[in-house]
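Enquirer:
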Amino acid sequence: TRFLPELCTFEKVGAYCLTEPGSGSDAAALSTRAVRTGDHYVVNGVKQFISGGGAADVYAVMVRTGDTGAKGISTLLIEKNTPGL
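Note that our numbering gives residue 10 to position 9 of the sequence shown, counting from 1, and the numbers run on in steps of one.
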């Protein structure tokens, strides 16, 4: 809910990050992994074809936090200017 008001009024722009090289938009095949370390996640992977990617303020990034397949997927909201983004 932190980002929702400004996204709904278009004060901020959001981007959806699912597509990866090698797996396309097949969510169950994604390989970007997120591991929780304390209060944060460390994300490792590559995304491509992100509409609005250069202009977005917040990114909805599909990541693997569990086993393979569709049940191991989570979504992280990552703000622009986050180191490594």
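The C-beta atom is built at its ideal place from N, Cα and C for all residues, glycine as well.
Which residue wins for smallest C-alpha separation from residue 46, given the options 33, 10, 7 and 21?
Expert: Here residue 46 refers to the residue found at position 45 when the sequence shown is read from its first residue. With distances taken between Cα atoms, residue 46 lies closest to 33.
Enquirer: Can you check DSSP and say which residues form a bridge with residue 74?
Expert: Sequence index remark: in the sequence shown, residue 74 carries index 73 (1-based). Its beta-bridge partners are 65.
Enquirer: If you draw a straight line from the C-alpha of residue 63 to the C-alpha of residue 28, how long is it?
Expert: By 1-based counting over the sequence shown, the position of residue 63 is 62. By 1-based counting over the sequence shown, the position of residue 28 is 27. One C-alpha to the other measures close to 8 Å.
Enquirer: Grouping DSSP H, G and I as helix and E and B as strand, with all else coil, what is residue 12?
Expert: Position 11 of the sequence shown, counted from the first residue, corresponds to residue 12. If DSSP states are grouped into helix, strand and coil, residue 12 belongs with coil.
Enquirer: In three-state DSSP terms, what is residue 57?
Expert: By 1-based counting over the sequence shown, the position of residue 57 is 56. Residue 57: coil per DSSP, three-state reduction.
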